[in-house]
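In terms of our numbering, the sequence shown is residues 2 to 565.
Backbone N, C-alpha and C define an ideal beta-carbon position, used for all residues, glycine too.
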Amino acid sequence: MKLLPILYISVLGVVSGSWGQVSMRYNQLGFSPQGAKWIAVAKARGDSIYVYGAHGVKTGTYPLGPSQFWDASQDSVRLVDLSGITAEGTYSLSLPQSPKSFSLEIKKNPYRTLTDGTLKFFYYQRSGMALLPEFAGAWSREAGHPDTQVKMHPSSLDSGFKSSSKGWYDAGDYGKYMVNSGISVYTLLSLYGKYPERFRSRNLGIPESNNDIPDILDEVRWNLDWMLTMQAKDGGVYHKLTTLRFPGEITPAADTSTRYIIGKTTTATFDFAASLARASLVYRPFDAEFADRCLQAARRAYAWGMANPDVKYNQPSDVQTGQYGDQNTMDERFWASVEMHLATGGKEPEFMRNAYAAQAIAGVADWSRVGMLGYFTVALNPKIFGQFANRAKDNVLRVADELRSEAKANGYRVSIASGEFGWGSNAEVANQGVVLLHAFDLTQDSSYRQTAQNNLDYLLGRNPLGISFVTGFGTKSTMDPHHRPSQSDSVKAPVPGMLAGGPFDGGDDVYNPDKPNESWKCAEYRVKNAPAKSYTDNHCSYATNEVAINWNAPLAYMSGALEE
Ligand code: 9MR
Ligand code: 9MR
2 MKLLPILYIS
12 VLGVVSGSWG
22 QVSMRYNQLG
32 FSPQGAKWIA
42 VAKARGDSIY
52 VYGAHGVKTG
62 TYPLGPSQFW
72 DASQDSVRLV
82 DLSGITAEGT
92 YSLSLPQSPK
102 SFSLEIKKNP
112 YRTLTDGTLK
122 FFYYQRSGMA
132 LLPEFAGAWS
142 REAGHPDTQV
152 KMHPSSLDSG
162 FKSSSKGWYD
172 AGDYGKYMVN
182 SGISVYTLLS
192 LYGKYPERFR
202 SRNLGIPESN
212 NDIPDILDEV
222 RWNLDWMLTM
232 QAKDGGVYHK
242 LTTLRFPGEI
252 TPAADTSTRY
262 IIGKTTTATF
272 DFAASLARAS
282 LVYRPFDAEF
292 ADRCLQAARR
302 AYAWGMANPD
312 VKYNQPSDVQ
322 TGQYGDQNTM
332 DERFWASVEM
342 HLATGGKEPE
352 FMRNAYAAQA
362 IAGVADWSRV
372 GMLGYFTVAL
382 NPKIFGQFAN
392 RAKDNVLRVA
402 DELRSEAKAN
412 GYRVSIASGE
422 FGWGSNAEVA
432 NQGVVLLHAF
442 DLTQDSSYRQ
452 TAQNNLDYLL
462 GRNPLGISFV
472 TGFGTKSTMD
482 PHHRPSQSDS
492 VKAPVPGMLA
502 GGPFDGGDDV
512 YNPDKPNESW
522 KCAEYRVKNA
532 PAKSYTDNHC
542 SYATNEVAIN
552 WNAPLAYMSG
562 ALEE
């Protein structure tokens with residue numbers, strides 16, 4: 002007995018000494034029986050890997066592909082294709098003569114729970130509601146931010162107080178931001194619109210689960226109800242609702258500083274118009290009165306946006322919360338025009354005229370670039386958009402083709418290029434996946450779908466860090482995100498189902514010895530010239546480890562689309 006610990010240590014020594022660096026990076030949630038199964042192997046010795054099935058029975062030996070270097074991570078990996086293995090089960094993977102083994106799952110619908118988990122995240126972000134244990138489990142908490150008496154900041158051009166309750170917290174902070182709400186709501190509604198039958202009876206375990214409306218729509222409604230409160234009498238839409246500065250690492254209920262409605266902008270107004278126009282279509286079969294309200298509100302917002310085409314966000318000097326500032330309002334105008342055209346059945350030619358005067362650039366979408374959302378809508382609805390649908394389809398395919406070739410240039414098979422690692426790079430990967438899935442819908446060319454799957458594999462483990470960036474999902478996943486509810490509760494595990502922002506070497510959150518008063522910042526974590534490795538799983542890191550509604554939404558879209 003006494004000898005055992007010594008033996009154990011010496012075995013460990015062998016592992017880390019000669020084999021510690023070997024790693025296999027792959028989707029930690031596993032693969033479906035018929036799906037492609039690519040594993041990236043780093044620091045391999047030899048040219049093949051061994052795969053064992055149940056009871057250690059050898060399934061086969063699989064060859065490693067050529068070594069591929071990626072400038073974004075400054076490392077090389079070799080790919081192995083296990084797609085030939087189609088029987089469900091848990092497999093063990095190892096290299097010849099290596100004591101280290103890795104476990105891989107093949108099962109039906111491996112991403113179903115991920116879809117539900119990423120959607121449930123929005124429930125955990127609810128403002129103005131207590132999260133009860135029956136729905137929130139260990140992450141139950143008191144209500145915070147009732148927002149029934151929100152102060153109008155002078156920048157809103159209104160005065161007094163307004164009730165503006167419900168809505169989702171944007172991210173790791175407790176603000177509610179209109180620009181970011183627009184793309185998040187739209188992405189979830191378009192996921193539902195694409196696969197209504199998939200979501201009809203899915204139970205997310207939220208307070209509304211027992212009503213007759215699909216849970217995903219109940220969840221989105223929580224935020225739509227808030228958005229509707231943010232419209233001014235003249236139709237314009239306020240930019241955000243936050244405190245003047247970011248609160249400390251406290252629970253929602255403890256954050257009792259005065260909240261303000263701040264700014265009124267063209268981008269917020271068009272984003273509101275676009276997403277509420279879409280909501281009017283999606284909710285009509287369930288609640289015609291609500292659908293009418295959404296369309297009315299969208300019309301008024303749209304008219305304000307056309308009459309006030311260039312009101313940009315200027316952060317007032319007493320405000321320090323997120324800006325979501327955007328210098329270009331044309332893509333928002335385009336997107337809103339397209340959604341208004343669809344929502345009104347193509348019967349009011351003015352919307353389409355305005356859309357095509359707007360000249361939006363087609364590129365991967367994010368909160369500031371929403372042109373692609375409009376192109377999706379046009380391309381998918383040829384009956385309404387006529388000749389424009391083909392042009393829009395060309396735009397989508399052009400971007401998708403670039404992504405598909407980019408993905409072949411690195412051994413992780415991910416479509417993000419080294420120059421595209423910004424704040425929230427994981428969301429860029431997910432939004433690229435959304436483009437690829439639309440390209441697949443428009444052509445049925447399965448190579449687009451496979452590239453989207455590759456991006457999902459990247460987020461769930463086939464990346465230079467070998468980590469799943471989704472909390473609670475995978476064998477080694479993000480544990481310490483910049484997310485105030487997770488930081489301030491007593492549960493060790495973070496709220497599940499959240500996508501971390503991901504690798505980025507901007508270093509906004511890195512401690513600089515010249516600024517000793519910023520002692521709360523992170524120790525240096527960046528890897529020189531390797532943005533894809535510049536990540537730290539520490540709550541200090543809002544530039545790489547925060548979570549956000551506009552990052553989870555495209556992940557939910559990808560997971561929902563790829564689950565069957
Ligand atoms: O928590 C804030 C996060 O949501 C923002 O993305 C980030 C950048 O604006 O700022 C975070 O808040 C920090 C604040 O700017 C300075 N004090 C420390 C806060 C928490 O790290
Ligand atoms: O997602 C936003 C990113 O594109 C910006 O570079 C960054 C700094 O302005 O802000 C991000 O958005 C944050 C927002 O301003 C406040 N809530 C947290 C968001 C995610 O970090």
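Remark: C-beta atoms of A557 and T119 approach each other more closely than 8 Å. Residue environment: Q454 is assigned as buried (16 or more neighbouring CB atoms within 10 Å of its CB, all protein chains considered).
Taking 8 Å as the upper bound for CB-CB distance, T330 and T268 are in contact here, some 6 Å apart. In terms of Cα proximity to E220, the closest of F136, T244, L242 is F136.
Shown here for T60: same chain residues with a beta carbon closer than 8 Å to its own, the five before and five after excluded, namely V52, Y53, G54, I86, Y92 in chain order. Under the three-state reduction of DSSP output, F470 falls in the coil class, being neither helix nor strand. When distances are taken from the beta-carbon of E429 to the heavy atoms of ligand 2, even the shortest one reaches 7 Å or more. With three or more CB-CB distances shorter than 8 Å, the stretch 409-416 counts as touching the stretch 427-446. When DSSP assignments are scanned along the stretch 448-494, no uninterrupted stretch of beta strand (DSSP E) that is 3 or more residues long falls wholly within it. Excluding its 5 nearest sequence neighbours in each direction, L404 has C-beta neighbours in its own chain below 8 Å: V365, S416, Q433, V436, L437, T452, listed in chain order. By alpha-carbon distance to V312, the top candidate from H240, S542, D216, N539 is H240. F162 carries a strand assignment under DSSP once its states are collapsed to helix, strand and coil.
Between S258 and T243, the alpha-carbon positions lie close to 10 Å from each other. In the three-state DSSP reduction, M130 falls in the coil class, being neither helix nor strand. Going by DSSP, W552 is part of the alpha helix (DSSP H) stretching over 550-563.
By the neighbour-count criterion, in which a residue is buried when 16 or more other Cβ atoms sit within 10 angstroms of its Cβ, E143 is exposed. As the crow flies, the alpha-carbon of K522 is around 14 Å from that of E547. Within 7 Å of the C-beta of W227 there is not a single heavy atom belonging to ligand 1. As a beta-bridge residue in DSSP terms, W169 pairs with R127.
Between ligand 2 and W368, a heavy atom-to-CB distance of less than 7 Å is present. Taking the Cα positions, M231 is about 7 Å away from S165. With 5 Å as the limit, the residues whose C-beta approaches a heavy atom of ligand 1 more closely than that are G173, D174, F247, Y543, in chain order. For D272, the Cβ stays outside the 7 Å cut-off from all heavy atoms of ligand 2. Taking C-alpha positions only, R127 is separated from L205 by approximately 14 Å.
Of the residues assessed, I263 falls on the buried side of the cut-off, its CB having 16 or more other CB atoms within 10 angstroms.
Every beta strand (DSSP E) of 3 residues or more that sits fully in the stretch 219-251 is shown, in chain order, as 239-243. Contact annotation: the stretch 336-349 touches the stretch 373-387, with at least three C-beta pairs closer than 8 Å.
Assignment of beta-bridge partners to W71 by DSSP yields D76.
C-alpha of E349 to C-alpha of Y303: approximately 13 Å in a straight line.
For L94, the enclosing beta strand (DSSP E) has its first and last residue at 90-95. For N224, the closest of F122, Y261, N212 by C-alpha to C-alpha distance is F122. Contact check for G173 against P482 passes: the beta carbons are separated by less than 8 Å. A380: not part of any beta strand (DSSP E); member of the alpha helix (DSSP H) spanning 372-381, first to last residue.
Non-local beta-carbon contacts of A533 in its own chain, meaning distances under 6 Å to residues more than five positions away in sequence, involve A73, S74, P465, P504 in chain order. Rounded to the nearest whole angstrom, the C-alpha separation of L374 and E351 is 20 Å. With a cutoff of 8 Å on beta-carbon distance, A359 and V397 are scored as not near each other.
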